[in-house]
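Colleague: By my numbering, the letter at position 257 of the sequence shown is numbered 259, and the numbering carries on one by one without gaps. Can you read through this structure? Questions will come right after.
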Amino acid sequence: MPRRLLHTVYILFLLFISGMQSADAQIISPSKEDVLNVDSVKQAFEDAPYFSLYKDNYFIFGPSIGPRPTRTNTNVKFQISVAQRLTRSTLPGGSYLYLFYTQKCFWNVLEKSFPMTDLNFNPGIGITRPIFVKNRFIGKITLVLEHESNGRDSIQSRSWNKISLAANMLIDPKIMIYGKFWIPFIDGQNNRDLLDYVGIYQFGLSYMPFNHRFAATLLVTKRKGWNFNYNTMFEMSYKIGRRTNQYLFLQYYNGYGEGLLDYKQFKSQLRVGFVIRPRFFSDY
């Protein structure tokens, strides 16, 4: 996708966000079937199993967009992400303590011996607090200390740490906005310039009509510096059945830092597959 077109999409997205912050973007009272009231959500958090999903769990496959697809740039990307609640009781302020773990892998299944070219490990520990307004659940805020590395040594080693503050907020029964900001601590000797590529904060928007059977998400990550530079990820999903948590899934990534090993390499990648989602909504 041409950079100029991506810049246009980015500007339209910012205008859309700004427009929603007007009077029409106030928290809108949903219909009865969309209400997530305080008691039901608190009970869901308290009764939830200690071991649950954190971010999206997906398995997707597809080619590079732009360059001619080859065996090396057409691959599988999959992610496994779970959360373990560490406390039986609710903490002060109605919050919960969690241990998080996410693993992302890039797998070149078209090459000989099917090499897994990059594995990224992302453990963390943090506090999550559900947010309620007018007896309605509208999202959550999470403060987490996390580490990310690729588990390699020598010149292929990549690692960093960060303290992240993330928020997910429903501004309408069908629209959710995301924001995540982090204070980084770069400890990897071979990735001192990591923030120039993976960014310093991200924000996004999800549209979820049709009783949440369909969803579309645009996520933008701002790279370091004052330039108009960013990484973009667009996702679409469709629930296979009303009683299942599995979705057909499409993901398009455009930018740097998709994986740690080749974080300096620009990627434009389209992949399709399936995803399993957390109960309320996805984290990024």
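Ideal Cβ placement from N, Cα and C applies to all residues, glycine included.
Which one of Ile67, Phe268, Gly261 has the shortest CA to CA distance from glutamate 150?
Modeller: Among Ile67, Phe268, Gly261, the Cα nearest to that of glutamate 150 belongs to Gly261.
Colleague: Check whether the Cβ atoms of tyrosine 258 and valine 222 sit closer than 9 Å, and answer yes or no.
Modeller: No.
Colleague: Would you check if the stretch 145-160 and the stretch 170-180 touch, i.e. whether three or more CB-CB distances between them fall below 8 Å?
Modeller: No: the two stretches stay apart, fewer than three of their Cβ pairs being nearer than 8 Å.
Colleague: In the structure shown, what three-state DSSP assignment does serine 156 receive?
Modeller: Residue state, collapsed to three classes: helix.
Colleague: Assess, as a yes-or-no matter, whether the stretch 203-215 is touched by the stretch 230-245 under the definition of 3 or more beta carbon pairs within less than 8 Å.
Modeller: Contact between the stretch 230-245 and the stretch 203-215 is present, because at least three Cβ pairs lie under 8 Å.
Colleague: With H, G and I counted as helix, E and B as strand and the rest as coil, what does DSSP make of leucine 263?
Modeller: Here leucine 263 sits in coil by DSSP.
Colleague: Using DSSP with H/G/I as helix, E/B as strand and the rest coil, what is valine 78?
Modeller: Of the three classes helix, strand and coil, the one that applies to valine 78 here is strand, per DSSP.
Colleague: Return the first residue and the last residue of the beta strand (DSSP E) that leucine 172 is part of.
Modeller: Where leucine 172 is concerned, the enclosing beta strand (DSSP E) stretches over 161-174.
Colleague: Can you check whether the CB of tryptophan 109 is closer than 9 Å to the CB of lysine 79?
Modeller: For lysine 79 and tryptophan 109, yes; Cβs fall inside 9 Å.
Colleague: Round the Cβ separation of phenylalanine 134 and arginine 273 to the nearest angstrom and send it over; I've been treating them as touching at under 8 Å.
Modeller: The pair is not a contact, with the Cβ atoms about 36 Å apart (cut-off 8 Å).
Colleague: Taking only the alpha-carbon atoms, compute the straight-line gap between asparagine 152 and lysine 136 and give it to the nearest angstrom.
Modeller: Spanning the two alpha carbons is a distance of roughly 44 Å.
Colleague: In the stretch 88-146, which residue ranges form an unbroken beta strand (DSSP E) of at least 3 residues, counting only runs that do not cross its ends?
Modeller: If we require 3 residues or more, the beta strand (DSSP E) runs fully inside the stretch 88-146 come out as 98-109, 118-135.
Colleague: Can you give me the C-alpha to C-alpha distance between glutamine 248 and tryptophan 162, rounded to a whole angstrom?
Modeller: For glutamine 248 and tryptophan 162, the distance between alpha carbons rounds to 32 Å.
Colleague: Just to confirm, are serine 284 and serine 66 a CB contact at a threshold of 9 Å?
Modeller: Contact: no.
Colleague: Taking the alpha-carbon positions, what's the asparagine 256 to glutamine 267 distance?
Modeller: In a straight line, the C-alpha of asparagine 256 is about 11 Å away from that of glutamine 267.
Colleague: Pull up the distance between the alpha-carbon of asparagine 291 and that of arginine 225, whole angstroms please.
Modeller: Here the chain comprises residues numbered 3 to 286, so residue 291 is not present and cannot be evaluated.
Colleague: Taking the alpha helix (DSSP H) that leucine 196 belongs to, which residues open and close that run?
Modeller: Neither: leucine 196 is in no alpha helix (DSSP H) and is coded neither H nor E.
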